[in-house]
Amino acid sequence: GQNIDQPTEMTATEGAIVQINCTYQTSGFNGLFWYQQHAGEAPTFLSYNVLDGLEEKGRFSSFLSRSKGYSYLLLKELQMKDSASYLCAVRARDYSNYQLIWGAGTKLIIKP
Amino acid sequence: SAVISQKPSRDICQRGTSLTIQCQVDSQVTMMFWYRQQPGQSLTLIATANQGSEATYESGFVIDKFPISRPNLTFSTLTVSNMSPEDSSIYLCSVEGAIGAEAFFGQGTRLTVV
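Sequence lines, in order, name chains R and L. According to this note's numbering, the first sequence is numbered sequentially starting from 433. According to this note's numbering, the second sequence is numbered sequentially starting from 4.
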């Protein structure tokens, strides 16, 4: 079966760094995505990894290890507006199609 | 990128009635996806809508309950039929680019059934 695990909730302090982990077990792999979702809003794209290694984009970085079925999203210089849910999604093979499989999301709470 | 206009943004409906949600995309796309997101949970795919063919439904979702239309390459509707309070959720439409491209979402429809 297809499975994605990420922590339910994390708390961090404004200005600090936080790492949100995601592990996956899927049939086939064609990329891993991270999305940010503020309460009551639609998810917005943050990053995409298809090869092993680190992708950096401003304050956000995402890492992938395909052999370990593992990714993390690293958020630096945390701001209050970073309080949101962070969704890990894997494009995996489902029958003849590649389908996005979604994790349950990690709710990140930023404290002053 | 793609811009998706989804409406209504929210509605409160009586049980037993039906609600149709519309999504308009600013470009032609082959597949559109309909998701449900219950409070505090992640996205659950309801069905994939292809233009010119019947939608493909995921396990646990049936056409009688969630009929979908896809009349052209820029538009789709999802109807939530014979609603019950268990249908209260956020419904999202989405489009995806190539396999390596990200998904884009409509603004979501927050449905409350009373």
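Glycine included, every Cβ here is placed at the ideal spot set by N, Cα and C. The structure displayed is predicted, hence computed values, not measured ones.
Establish whether the CB of residue i and some CB of chain R are separated by less than 8 Å.
i	result
L/Leu95	yes
L/Leu46	yes
L/Phe108	yes
L/Glu57	no
L/Gly63	no
L/Gly111	yes
L/Glu89	no
Compare the beta carbon distance of residue i and residue j with 8 Å and say whether it is the shorter of the two.
i	j	result
L/Cys26	L/Cys96	yes
R/Thr538	R/Glu473	no
L/Ser45	R/Gly535	yes
R/Thr458	R/Ala524	yes
L/Thr115	L/Tyr94	no
R/Ile449	R/Leu507	yes
L/Thr80	L/Ser72	yes
R/Gly447	R/Glu488	no
So for residue i, helix, strand or coil by DSSP?
i	result
R/Glu509	coil
R/Glu473	coil
L/Pro88	helix
R/Asp514	helix
R/Leu483	coil
L/Asp29	coil
L/Gln9	strand
L/Gln40	strand
R/Ala524	strand
L/Pro74	strand
R/Glu441	strand
R/Asn453	strand
Taking the C-alpha atoms as reference points, what is the distance between residue i and residue j?
i	j	result
R/Lys513	R/Tyr467	15 Å
R/Ala444	R/Ser515	9 Å
L/Glu61	L/Pro74	21 Å
L/Gly63	L/Pro70	14 Å
L/Asp14	R/Leu486	42 Å
R/Ser503	L/Ile24	35 Å
L/Leu76	R/Leu496	34 Å
Kindly indicate if chain L contains any beta-carbon less than 8 Å away from that of residue i.
i	result
R/Gly535	yes
R/Tyr518	no
R/Tyr456	no
R/Ala474	yes
R/Tyr504	no
R/Leu486	no
R/Phe492	no
By alpha-carbon positions, which one of the options ends up nearest to residue i?
i	options	result
L/Glu89	L/Lys68, L/Thr33, L/Ser30, L/Phe108	L/Lys68
R/Tyr530	R/Pro544, R/Gln438, R/Leu519, R/Gly463	R/Gly463
R/Phe465	R/Leu505, R/Gln511, R/Pro544	R/Leu505
L/Arg18	L/Phe108, L/Pro70, L/Ala106, L/Met86	L/Met86
L/Gln54	L/Leu48, L/Phe36, L/Gln40, L/Glu105	L/Phe36
R/Ser493	R/Asn453, R/Ile541, R/Ser479	R/Ser479
R/Gly501	R/Leu510, R/Glu487, R/Gly460	R/Gly460
R/Tyr456	R/Ile542, R/Leu510, R/Leu532, R/Gly490	R/Leu532
R/Lys543	R/Gln511, R/Ser517, R/Asn453	R/Gln511
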